[in-house]
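Heads up, the thing below is written out as structure tokens.
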Amino acid sequence: EDKVVQSPLSLVVHEGDTVTLNCSYEVTNFRSLLWYKQEKKAPTFLFMLTSSGIEKKSGRLSSILDKKELFSILNITATQTGDSAVYLCAVRTGNQFYFGTGTSLTVIP
Amino acid sequence: ETGVTQSPTHLIKTRGQQVTLRCSSQSGHNTVSWYQQALGQGPQFIFQYYREEENGRGNFPPRFSGLQFPNYSSELNVNALELDDSALYLCASSRVSSYNEQFFGPGTRLTVL
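For the record, the sequence lines run as chains G and L. The first sequence begins at 113 in this note's numbering and counts up one residue at a time. The second sequence begins at 460 in this note's numbering and counts up one residue at a time.
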């Protein structure tokens, strides 16, 4: 059975801290791994990863994929209160996306 | 460019009833996927529509059905509602050529009593 597991389930940090969110997966026919940020309802796209070892960066956020060990990490440096959200990891196999349960991040001022 | 829209925003139904949820794709997008997100869980794939045909389905019973229209908008129909159907239903649209880039709508919150 295809599955995506995220850890930790929740995290509380202070502004300025650096956080690392984890996503491991076991799927057949891997095509891509995606990270989303969900603040209220609609998840918004952050990164798409298809190749191992190539870091994607956008401002204070970065992500990398390890296809041998079947995991990805999402790093957020110098966290801000606006980073508070649920971060979802999804793996595409064929036409389906399998999502993890998400990591709930709370950034305290 | 118009984003993905969904209606209604909220809905309350009772067990056994039927419900129809609607989604308008982002301009230029021809593929629509539907997801169910229970409280505290990640979205679960229900099905995808492309060219008005179902093009992939997750582990959901046949009482979950859908339609896609020529303008690429879509409906999700759920028959014989059960309490466990209470969830946020998300629609996502994309171009078939760039399916990884899904844009999500704000969702419909369904409560089944």
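For glycine and all other residues, C-beta sits at the position ideal for the given N, C-alpha and C. The structure presented is a predicted model; accordingly, all values stated were derived computationally and were not measured.
Of all the CB atoms in chain L, is at least one closer than 8 angstroms to the CB of residue i?
{"i": "Leu71 (chain G)", "result": "One cannot answer for residue 71 (chain G) here, as it falls past the ends of chain G, which runs 113 to 221."}
{"i": "Lys115 (chain G)", "result": "no"}
{"i": "Thr189 (chain G)", "result": "no"}
{"i": "Thr215 (chain G)", "result": "no"}
{"i": "Leu200 (chain G)", "result": "yes"}
Determine the direct distance from the alpha carbon of residue j to that of residue i, and round the result to whole angstroms.
{"i": "Tyr210 (chain G)", "j": "Gln192 (chain G)", "result": "28 angstroms"}
{"i": "Gly515 (chain L)", "j": "Phe506 (chain L)", "result": "6 angstroms"}
{"i": "Glu167 (chain G)", "j": "Asn559 (chain L)", "result": "18 angstroms"}
{"i": "Tyr508 (chain L)", "j": "Pro221 (chain G)", "result": "43 angstroms"}
{"i": "Glu151 (chain G)", "j": "Glu512 (chain L)", "result": "32 angstroms"}
{"i": "Cys550 (chain L)", "j": "Val571 (chain L)", "result": "19 angstroms"}
{"i": "Leu158 (chain G)", "j": "Leu146 (chain G)", "result": "7 angstroms"}
{"i": "Ser144 (chain G)", "j": "Val555 (chain L)", "result": "15 angstroms"}
{"i": "Lys472 (chain L)", "j": "Thr189 (chain G)", "result": "44 angstroms"}
{"i": "Ser170 (chain G)", "j": "Met160 (chain G)", "result": "12 angstroms"}
{"i": "Phe504 (chain L)", "j": "Val117 (chain G)", "result": "16 angstroms"}
{"i": "Val463 (chain L)", "j": "Ser553 (chain L)", "result": "10 angstroms"}
{"i": "Asp543 (chain L)", "j": "Ala197 (chain G)", "result": "25 angstroms"}
{"i": "Glu181 (chain G)", "j": "Ser164 (chain G)", "result": "10 angstroms"}
{"i": "Glu138 (chain G)", "j": "Ser557 (chain L)", "result": "23 angstroms"}
Counting only beta-carbon separations shorter than 8 angstroms, does residue i have a partner in chain G?
{"i": "Leu456 (chain L)", "result": "As shown, chain L starts at 460 and ends at 572. That puts residue 456 (chain L) outside it, with no answer to give."}
{"i": "Gln507 (chain L)", "result": "yes"}
{"i": "Phe528 (chain L)", "result": "no"}
{"i": "Phe523 (chain L)", "result": "no"}
{"i": "Phe519 (chain L)", "result": "no"}
Report yes if the CB atom of residue i is closer than 8 angstroms to the CB atom of residue j, and no otherwise.
{"i": "Arg568 (chain L)", "j": "Thr468 (chain L)", "result": "yes"}
{"i": "Thr215 (chain G)", "j": "Pro155 (chain G)", "result": "no"}
{"i": "Ala546 (chain L)", "j": "Gln496 (chain L)", "result": "yes"}
{"i": "Lys149 (chain G)", "j": "Gly566 (chain L)", "result": "no"}
{"i": "Tyr531 (chain L)", "j": "Ser492 (chain L)", "result": "no"}
{"i": "Tyr199 (chain G)", "j": "Leu217 (chain G)", "result": "yes"}
{"i": "Asp114 (chain G)", "j": "Thr140 (chain G)", "result": "yes"}
{"i": "Phe142 (chain G)", "j": "Thr205 (chain G)", "result": "yes"}
Taking C-beta pairs closer than 9 angstroms, name the residues in chain G that residue i reaches, listed in chain order.
{"i": "Asn514 (chain L)", "result": "Asn207"}
{"i": "Gly475 (chain L)", "result": "Result: empty, since nearest Cβ-Cβ is about 27 angstroms, beyond 9 angstroms."}
For residue i, which residues in chain G fall below 7 angstroms Cβ to Cβ?
{"i": "Asn559 (chain L)", "result": "Ser144, Leu146, Met160, Arg204"}
Run through chain G and tell me which residues come within less than 8 angstroms of residue i, C-beta to C-beta.
{"i": "Leu547 (chain L)", "result": "Lys153"}
{"i": "Gly566 (chain L)", "result": "Lys153, Ala154"}
Please list the partners that residue i has in chain L, where partner means a Cβ-to-Cβ separation under 9 angstroms.
{"i": "Phe211 (chain G)", "result": "Tyr494, Gln496, Gln500, Gly501, Pro502, Gln503, Phe504"}
At a Cβ threshold of 8 angstroms, is residue i touching chain C?
{"i": "Asn514 (chain L)", "result": "The structure shown contains no chain C; its protein chains are G and L."}
Notebook entry, point to check: Does the region 133–140 of chain G come close enough to the region 174–185 of chain G that 3 or more CB-CB pairs lie under 8 angstroms?
Noted result: yes
Checklist line | Three CB pairs or more closer than 8 angstroms across the region 524–537 of chain L and the region 471–481 of chain L | finding: yes
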